[in-house]
Structures are given as C-alpha cells and as structure tokens.
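Q: Pasting in a structure now, in structure tokens, and then I'll have a few things to ask.
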Amino acid sequence: MDERTYAADAEPGVTVTVAGWVHELRDLGGIAFLIVRDTTGRIQVKLEKDEMDADMVDTALDANRESVVRVDGAVEEEPRAPTGVEVVPTGVEVVAEADTQLPLDPSGKVGAELPTRLDNRTLDLRREEAQAIFEIRAEVLRGVRDVFRAHEATEINTPKIVATGTEGGTELFPITYFGEEAFMNQSPQLFKQLMVGSGVERVFEIGPIFRAEEHNTPRHLNEATSIDFESAFYDHTEAMDVCETVVTAAYDAVAENCERELEALGLAEEFEVPSGDFPRLTYEEAIERINATGALDEQLVWGDDLPTEGEHALGQDVGEHYFITDWPADIKPFYIKNHDDDETLSTGFDMMHPRMELVSGGQREHRYDRLIAGFEQQGLDPEQFEYYTKMFRYGMPPHAGWGLGGERLIMTMLGLDNIREGVLFPRDRQRLSP
Ligand code: ATP
Ligand code: MG
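Numbering (the working numbering), first residue to last: 1 to 434.
Here you go:
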C-alpha cells in the first residue's frame, strides 16, 4: 500500500495521503467539507468548487457516506476545523463505495437496537464508543498478562475439545469427535491443575469457555473469555491476593493508557481504580447482611446459594469489590478443598463486583483419596476423570487458583448494561452468526 498518514498525525506544512471512511459531507455552497475518519480520528478536507479541479470536487461530493476514500493534499492550519488542520486536496479517489442505504447509522446519531448492531457489527464498530470498548478490552488483557508475568506465571493454552465436563453436566455443549461424543470445555480447571503438578508451578490462561446456559441474561454468554490462574504451594488467601492485584492492574492499565477511550465513553471523570484491598466477608456474614437488608421475601439460611437479588442487595451494601469466603462445602465443586479444622467449610471464594460475581476460586483438594471421595459425593464417576486423578498419585503439591470472567470484568469496569457490548461477536441462545 502507498504510504499514508493517520488523521491524528497530519501536521501543517506537509503533503500527505490520508485514507479512511467518509464520515460526513458538509456542503455550504461554494465550499464543502469532506470529513474523513480513520482509526486515529477525523480530518477535514476542504473543497473549493470554483477553484479546484472540477472532476476531483465532483468525485468527493458524490462519495456516499461510509465509502472508503483516499485523499492527497497539503495540510494547512485551520483553527475552525475540528482538529485545527485541514487538507487542501490535489487528488481524491473513492477506493470502495458504500451503498446509499446502510442497515444502521455508523455515526450513532440514529440509534439502533443491540440485535441490529450485532447483526451489523462491522458498521457498529465504526462508532467511536463501540471501538473504545474493544481498545479498552485489549488494554485490560495486556495489563493482566503483564501482571501475571511479573508474578512469574507461565501463559498456557489448554484444549477446548474435551471428553468430560467439570462444572455441571447440563451446561455442556456436546459435539461429535470422529464419531464419538465429546464436549466444548466449560473451564480449563482440570488442565491448569495438572500443570501445577508438572513443576511449571504457576500458570495462567486467557481463553474461551463454553457454557450451554439455560437462559439468556444480560451477564451470561455461551462463549466467554476466562482469565484463569493457578499456583502450586498457594492457599486460598494467597490466591485472593493475586486476584486483587490482577483486577487492580487491569483498571490501572486502562486509567493510564485509555484516556481517549474513556473520554469517548463519557467515563473520563468518574473512572476509578479500586483500592486493591477488597473486604473479605465470610459466607455466614454475607447471608446475615443480605437478610438485614430486607431485600428478600424469605430469609436465607446456612447452605442456601445466594440468589441474584441477594447478591445485588449485598453489593449495594458493600459498595465496592469484595470477596465471599468460607462457603458451605456442599455448594462448591468437588475439586475445592475444605478447611482442615472444619470439613463443612470450603476454602472456595467468590470475588464480587457490587453488580455481580466476577471470580470463583479456592484452594484445591490435592490429596488423592479425598479427591476421589469428592467426585463420588458430587455424583461424578472418577473413572471418567482418570487422566486427571491419576496425576494426584504421582506428587501433586497443594495449590490454589481462580477463574475471572473477562467480559464481566469489562462490563462492570465500564458500566455496560449488557455483557454482549463487550464481545465482538457474542454467542447466545439466539445468536450463532456473525
Ligand atoms: P454465575 O453463577 O454468575 O452464572 P458461575 O459461578 O456459574 O457464574 P464459575 O463456574 O464460577 O461461574 O466461573 C468463573 C467465572 O467465569 C464467573 O465468576 C464469571 O465471571 C465467569 N463466567 C462463568 N460463566 C459465564 C458465562 N456464561 N458468561 C460469562 N461469564 C461467565
Ligand atoms: Mg462461580
């Protein structure tokens, strides 16, 4: 491709080629302004009808909105232009014409419903606000990777096609694997545990998880991005410390490097990095506090899972990120270790944003006999998991870790109403393409 200058880099006094989409054409009679948009912003192109080459002016005036154009010219200072400069063109070329009728208005002036936007995601992403979310998402992932590396964790990639599920059978997507039944993986849980036993000791993975969630909700996807961490010789409290650090680092990265994007989303003023010291409530304290809010018709009792309205009431009460620890052993998965001094209490924890759960984690059961018993208690057949359980007979250190929902982190960080806003091409019960 010929050399080109980004809109944001065009300096007065130089000759440039700019290229991008026709954002707007302002025709004032003798003079017209073509606003060209690229990934860095917008730039004004001045068209003087009586003074410039007539063919060139016509080409520019005839270009439909959202067509891709290339403009050669000299950059001049122009205080009245949106960026303080404008291009005085010597050549205008329409590189790719857009239809006159578009399925949605990429300028965002005419709003569109989420399904229409997702059906036409490429056009939807031409809006600054939509792009900003994905720039921030990229920055979150960079920040998270950096902090994991600073903690000497190794990034791993584990299989997404598996023989067995772990997080509850009804949420599995079955597939056919060379004539045999297989599943899309719900979580890298078992693989990351196998890694800590390998001597690599500390690992993280950022990858897809697949869950056949029964309902469409604003916070569930059928394909989500899980940010997973696991470390040998860690207990649940050390895992929680890393969890705080990682979430805070994600906010820090965005605060430092996404000023323009926060501005585009109207969040520049209110964006706050969390303290990094999240209150740690026990499950017992959590149900007491929920009951005290009076938000539920029926009082919660020991052993109940926390209903969504209960989580909301507690979130409002706490008002910041917080942990819920010491869950009843019965409502946490088999691979979570129970406290040594009280077998009815689990080391499992959840990390919550006031709006919803972001993380589940805990110390893992690394003792072979206990692990097998846990499988049986949960109604799972340990034989099916032999590839996993047998490694617990060959030297498995104590270990702990957690999984953080990547999209839930973005959603809560940016105050998005719907988790799908933070996914390029979401998968839900109604949506399999694009
Ligand atoms: P929830 O109760 O909120 O549905 P969960 O307890 O079933 O979540 P976990 O198995 O604990 O989920 O998964 C760890 C994290 O992964 C969750 O805290 C959440 O952030 C994220 N997550 C799980 N399922 C989904 C999903 N369907 N869509 C988006 N994120 C998810
Ligand atoms: Mg959970």
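Glycine included, C-beta positions come from ideal geometry on N, C-alpha and C.
What is the rounded straight-line gap between the Cα of Arg149 and the Cα of Ala63?
A: Roughly 49 Å separates the two Cα atoms.
Q: Which residues count as close to the ligand ATP when the rule is a CB under 7 Å from any of its heavy atoms, in chain order?
A: Matched residues: Glu167, Ser187, Ile209, Arg211, Glu213, Arg219, His220, Leu221, Asn222, Ala224, Ser226, Asp350, Met356, Glu357, Leu358, Val359, Ser360, Gly403, Leu404, Gly405, Glu407, Arg408, Ile419.
Q: With DSSP as the reference, please indicate the residues paired to Met356 in a beta bridge.
A: Bridge partners of Met356: His353.
Q: DSSP state of Ala138, grouped into three classes?
A: The answer is helix: DSSP assigns Ala138 an H, G or I state.
Q: Is the region 266-280 touching the region 416-428, taking contact as three or more C-beta pairs under 8 Å?
A: The region 266-280 is not in contact with the region 416-428.
Q: Throw me the rounded Cβ distance for the Val147 and Ala249 pair, which I believe falls under 8 Å.
A: Sure, about 4 Å apart at Cβ, within 8 Å.
Q: Evaluate the contact criterion for the region 340-357 versus the region 374-391: three or more CB pairs, one atom per stretch, below 8 Å.
A: With the cut-off at 8 Å, the region 340-357 and the region 374-391 do not touch.
Q: If we call anything under 8 Å between Cβ atoms a contact, is Val203 one with His399?
A: Taking 8 Å as the Cβ cut-off, Val203 and His399 do not qualify as a contacting pair.
Q: Would you please state the rounded distance, in angstroms, between the beta carbons of Val75 and Val85? I believe it to be under 8 Å.
A: Yes, they are in contact, since the Cβ atoms of Val75 and Val85 sit about 5 Å apart, within 8 Å.
Q: State the CB to CB distance for the pair Met356 and Arg408, rounded to an integer number of angstroms; the pair is presumed to be in contact (CB under 8 Å).
A: Contact flag correct, Cβ pair sits at about 6 Å.
Q: Can you name the residues that DSSP bridges to Gln363?
A: DSSP, once it has assigned bridges, lists Ala400 as partnering Gln363.
Q: With DSSP as the reference, please indicate the residues paired to Met240 in a beta bridge.
A: Beta-bridge pairing links Met240 to no other residue.
Q: According to DSSP, simplified to helix, strand and coil, what is His312?
A: Helix.
Q: Quick check: is any heavy atom of the ligand GDP less than 7 Å from the C-beta of Cys243?
A: The ligand GDP is absent from the structure shown, which contains only the ligand ATP and the ligand MG.
Q: Just to confirm the assignment: which complete beta strand (DSSP E) runs, minimum length 3, are found wholly within the region 12-89?
A: Runs found: 15-27, 31-38, 41-48, 68-77.
Q: Return the CA-CA distance between Gln378 and Pro333, expressed in angstroms with no decimal places.
A: Each residue's Cα considered, the two are about 8 Å apart.
Q: My output table needs one value for Pro382: the three-state DSSP class, helix, strand or coil.
A: Residue state, collapsed to three classes: helix.
Q: Taking C-alpha atoms, which residue in Leu141, Trp21, Pro188 lies nearest to Val246?
A: It is Leu141.
Q: Evaluate contact between the region 325-341 and the region 359-366, counting only Cβ atoms and requiring at least three cross-stretch pairs below 8 Å.
A: Touching, yes.
Q: By a C-beta neighbour count over all protein chains shown, 10 Å radius and 16 as the cutoff for buried, is Ser433 buried or exposed?
A: Label assigned to Ser433: exposed.
Q: Using the C-alpha atoms, what's the distance from Ile206 back to Thr225?
A: If I take the Cα positions, the gap works out to 7 Å.
Q: Just to check my reading of the structure: Glu66 and Trp21 have Cβ atoms closer than 8 Å, yes? What is that Cβ distance to the nearest angstrom?
A: Right, their Cβ atoms sit about 5 Å apart.
Q: If I'm right that Val71 touches Val45 with Cβ under 8 Å, what's the distance once you round it to whole angstroms?
A: About 5 Å separates the two Cβ atoms, so the contact holds.
Q: Between the Cα of Thr416 and the Cα atoms of Pro307, Asp235, Leu262, which residue gives the shortest distance?
A: Reading the sequence as shown, one finds Leu at residue 416 and not Thr. Of the listed residues, the one whose Cα sits closest to Leu416 is Leu262.
Q: Could you name the residues that DSSP lists as bridge partners for His215?
A: Paired residues: none, contrary to the question.
Q: Report the three-state DSSP secondary structure of Phe183 (helix, strand or coil).
A: Strand, per DSSP.
Q: Please go through the same chain and pick out, in chain order, the residues whose beta-carbon is closer than 6 Å to the beta-carbon of Ala253, but skip the five residues on each side of it.
A: Excluding residues within five positions, the ones whose Cβ falls inside 6 Å are Glu139, Gly143.
Q: Quick one: grab the DSSP three-state call for Ile206.
A: In the structure shown, Ile206 sits in a strand (DSSP, three-state: E or B).
Q: Mind checking who Pro174 pairs with in its DSSP beta bridge?
A: DSSP output for Pro174 lists Phe183 as bridge partner(s).
Q: For Lys49, which option in Leu28, Val16, Val68, Thr40 has the closest C-alpha, if you only look at C-alpha atoms?
A: Selected option, being the one with the closest Cα: Leu28.
Q: Who pairs with Ser107 in a beta bridge, going by DSSP?
A: According to DSSP, Ser107 bridges with nothing at all.
Q: Cβ of Ile43 within 8 Å of Cβ of Ala98?
A: Going by C-beta atoms, Ile43 is not nearer than 8 Å to Ala98.
Q: Residues in the same chain with beta-carbon distance under 8 Å from Val110, minus the five sequence neighbours each way, listed in chain order, please.
A: Leu104.
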